[in-house]
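If you count the sequence shown from 1, position 253 lands on 255 in the numbering used here, and the numbers rise without skipping.
Read through the structure below, which is laid out as structure tokens, and then see the notes.
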Amino acid sequence: MKLADMLSYADIGQLSRIATTYQCECNGNSKNELIQSILSTVNRRDVFEAQIGALKLEDLRFMISLLFDARDAFSLEELIARVQQSRFGLPAALAQAPAAAEAAPAKKAAVKSSAASSATKRVAKSKPQAKERPEPESGPRETISRFKQYGWLFNGYAGPERYLFQVPSDLKERFKQTMERRLASEVVYADDEPHAYRDEQMLMGEDVMHLLTYVHLNEVALTTDGTMYKRSIVQLLESFGVKEPLPGKGEWRFGYGRKIKDYPNRLSLLYDYCYYQGWIVENNELLELSAAGKERQALRSAEPPDKLYQFWLRLYKGPVPNIRSLVHWIDKLGSRWVKADTIMATLTPYVKPFYYDQPETILEQRLIGTMLHLGLLRIGEHAEHGQVIRMTPLGKTIVAGRSIDDEAIVLNG
């Protein structure tokens, strides 16, 4: 539902609190006047952008996590978890809300509601002087309450006794547009083409075919833990359109797929994709094609890049929970050649560390590097700006036009 629809379902108490937040001049006893005044104020671009600009980083992360979720309704428990997950830049003691801070007494809530209603009535008579806004409380419930007062979250019943919260659909788009303008102002664009660039469009899809063909034509032995021997890995990499170095000994590698610990990043993704499709099987210390794999190999055709993209998003969703939003921002910021280190600096605050993988590594290797392999973007060398990146036409089409299942893939075994 849109904001106007949600306002019409809200009770007068919530409308009064929203009107007070925006210092609306209206009759606090008239629901219709409250709604019209709120809409006229919230729809002003300067007011909306000022509210976004005043948010703390963890609040921005929280809102972004809601914008790119396939669902449109969340329980209170889910929202509390989202707020806590958005505070990864804070010390653990501050990221967890104390129980005392979350337990708001009914009496205190009633006093706040009464005060909000009275304040709205006073606004109808004369516009109040700008007051110094108190420092907002830091508990997850206070964050959710604050978003409700902004008119960004509305709750309603879904079932007999369960509250669900929603973000108005039209505000979602305004949030995305406002954030895009904000992030774009922080990066540096190149006015001309780089002197050279790397483009891997369609290569990964072709290497799916090469992997299946290699397994079909060779007896690929596996170690006791189900890993190809080095000789087979090297031969397979030689047949690919993109060469990769083998992982270093003792290198920390887990979380990004079933075989990330054993194979280079790109090969690992290709192997996991074919394994998930059921085309290859690890059988009695041999890697073989299944019946479905033999049929797929006989086609001798490249795998569609959108299918590889969808698989990657779902596979990496575990270690990078907000991968969809990060890909969205890279897509928008990379509409033309942009200086790579400015994108890194701009988006790193929105990347959560994953064990020993720091945000910079995740953004550079797991996201931008893989998007290059998937053919979604190009990486170039510019005489003035150094490394630059830009989305490919194929990449923009795939990112803009595909909706994926929100569940993360878990490859066992």
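Cβ coordinates follow ideal geometry from the N, Cα and C atoms, glycine included.
Please read all numbers here as calculations on a predicted model, not as lab measurements.
Secondary structure within the segment 199 to 255: the alpha helix (DSSP H) runs of 4 or more consecutive residues, fully enclosed, are 205 to 219 and 232 to 241 (chain order). A direct Cα-to-Cα measurement between Gln86 and Ile146 gives close to 11 Å.
For Tyr318, the closest of Phe167, Leu365 and Lys245 by C-alpha to C-alpha distance is Leu365.
Following the DSSP letters along the chain, one finds Val49 inside the alpha helix (DSSP H) bounded by residues Arg47 to Gly55.
In this structure, the CA atom of Trp254 is about 10 Å from the CA atom of Ile262. One Cα belongs to Leu238, the other to Tyr216, and the distance between them is close to 7 Å. Excluding residues up to 5 positions away in sequence, Pro307, Asp308, Tyr311 and Leu378 lie with their Cβ nearer than 7 Å to the Cβ of Ile400 in the same chain. Pairing Asp172 with Leu396, the inter-Cα distance amounts to about 28 Å. Contact annotation: Leu224 and Glu284 have beta-carbon atoms nearer than 8 Å. Secondary structure note for Val283: its beta strand (DSSP E) is the uninterrupted segment Ile282 to Asn285. With 16 or more other Cβ atoms inside 10 Å of its own Cβ, Glu202 counts as buried. Residue state for Phe177 is assigned as helix, using DSSP reduced to three classes.
The beta-carbon distance between Leu213 and Cys276, rounded to whole angstroms, is 6 Å. This is short enough to meet the 8 Å contact definition.
Inter-residue distance for Val190 and Trp331 is about 15 Å (C-alpha atoms, whole angstroms). Residue pairing by DSSP puts Arg380 in a beta bridge opposite Arg392.
Assigned with DSSP and collapsed to three states, Gly320 falls in coil, not helix or strand. Taking Lys341 as reference, the option from Val322, Ile391 and Ala300 with the minimal CA-CA separation is Ile391. Taking a C-beta distance under 8 Å as the contact criterion, Arg380 and Arg268 do not qualify as a contact pair. Distances from the CA of Gln279 to each of Gly295, Glu290, Ser270 and Tyr265 were compared; the closest alpha carbon is that of Gly295. Straight through space, the alpha carbons of Gly382 and Leu328 are spaced by roughly 20 Å. Looking from the CA of Phe156, the closest CA among Met206, Asp74 and Arg84 belongs to Asp74. In the pairwise beta carbon analysis, the segment 45 to 55 is classified as touching the segment 174 to 191: at least three pairs are separated by under 8 Å. Taking C-beta atoms under 8 Å as the contact rule, Ile66 and Tyr352 qualify, at a distance of about 7 Å. DSSP, reduced to helix, strand and coil, places Val85 within a helical segment of the structure shown. Asp61 sits in a helix when the DSSP states are folded into three classes. The shortest CA-to-CA distance from Ile14 to any of Asn286, Asn29 and Met3 is the one to Asn29. In this structure, the straight-line span from the alpha carbon of Tyr273 to that of Ile282 is close to 8 Å. Per DSSP, reduced to three states, the secondary structure at Asn31 is coil, with no helix or strand assignment. According to the DSSP assignment, Tyr165 belongs to no alpha helix (DSSP H) but to the beta strand (DSSP E) extending over Tyr165 to Gln168. Annotated three-state conformation of Glu386 is coil, per DSSP.
As DSSP reads the structure, Glu290 sits in a beta bridge with Val283. Linking Glu144 to Gly158 through their CA atoms gives a straight-line distance of about 18 Å. The alpha-carbon separation between Tyr24 and Leu81 amounts to approximately 24 Å. Looking at the DSSP output, Asn157 sits in a beta bridge with Phe167. Note: Lys341 is bridge-paired with Val390 in the DSSP secondary-structure output.
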